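Here the working numbering runs 179 ahead of the position in the sequence shown, where the first position is 1. A virtual CB, placed ideally from N, CA and C, is assigned to each residue, including glycine. None of these values were measured; they are calculated from a predicted model.
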Amino acid sequence: MMSSGGFSGDNHHSQPMAEINTTPMVDVMLVLLVIFIITAPLLTHAVKIDLPQAISQANQEKPDTVTLSINAEGKLFWNDTPFENAELVSRLTTEAQKTPQPELHLRAERITPYQKLAEIMSAAQSAGIVKIGFITDPTPQE
C-alpha cells in the first residue's frame, strides 16, 4: 500500500521543516549584485568646470641668522667679530625687533662654563629672541 505525500513511504516527516532554505535568498543577492555592477558605472558622471589658475607665488623670506660664539675664556663674538659683554643686551634687543626675526645660533667651546651659556640664553629670552639654536662640532669618540 502506498501512502500519499511521501517518496519512501514513512510517516515521520509529517511535521513542518524547521530549516530555512537559503538558496532563493542567495539567488536574489547574486542578481542584485550583477545589477549593481552593471548600473554603477552609468551613475557616475563628470561635470567639466573651468577652474581659475593661480598666478602668484607665496613670498617667503628666509630670516637671517646671527651667530653668537663664546670661547673658553668667556669672550663673545657676534658673527665672528669680537665685542664687549656690555653690548650683548642692546644687540639682542635690536635683533629681536627686526621683521622677520633672525635666528640666534649659539656656538661655544667644549670647556665653556654652562653658567655663561645660561646667562646668554636668559638675556636672549628677555630681549625677545624666539628662535635659539646650538651649533656643535661633532668629534669622533675614541
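Would you check if the distance between the CB atom of Glu274 and the CB atom of Val245 is smaller than 8 Å?
In the sequence shown, residue 274 corresponds to position 95, counting from 1. In the sequence shown, residue 245 corresponds to position 66, counting from 1. Contact flag set, yes.
Starting from the Cα of Ala251, find the closest Cα among Trp257, Lys295, Glu240 and Ala265 and give me that residue.
Along the sequence shown, one-based indexing puts residue 251 at 72. Ranking Trp257, Lys295, Glu240 and Ala265 by Cα distance to Ala251 puts Lys295 first.
Along the chain, where does the alpha helix (DSSP H) that runs through Pro261 open and close?
In the sequence shown, residue 261 corresponds to position 82, counting from 1. If you look at Pro261, you'll find it isn't in any alpha helix (DSSP H); it sits in the beta strand (DSSP E) that goes Thr260 to Phe262.
Report the residue ranges of all alpha helix (DSSP H) runs contained in full by the stretch 261-291; include only those spanning at least 4 residues, in chain order.
Fully enclosed alpha helix (DSSP H) runs of 4 or longer: 267-275.
Could you name the residues of the same chain whose beta carbon sits closer than 6 Å to that of Met180, not counting the 5 residues immediately before and after it, in chain order?
Taking the sequence shown and counting its residues from 1, one reaches residue 180 at position 1. Note on Met180: pLDDT 46, under 50, position unreliable in the model; the coordinate value appears next. Hits under 6 Å: none found.
Cβ neighbour criterion (16 or more within 10 Å) applied to Pro279
Taking the sequence shown and counting its residues from 1, the one referred to as residue 279 is at position 100. Exposed, since its Cβ has fewer than 16 Cβ neighbours within 10 Å.
Please list, in chain order, all residues of the same chain as Val268 whose beta carbon is under 7 Å from its beta carbon, the five residues on each side excluded.
As a working note, residue 268 is residue 89 in the sequence shown. For Val268, same chain residues with a beta-carbon under 7 Å away, outside a window of 5 residues either side, are Ala302 and Ala306 in chain order.
Taking buried to mean at least 16 other C-beta atoms within 10 Å of its own C-beta, is Ala225 buried or exposed?
As a working note, residue 225 is residue 46 in the sequence shown. So Ala225 ends up on the exposed side.
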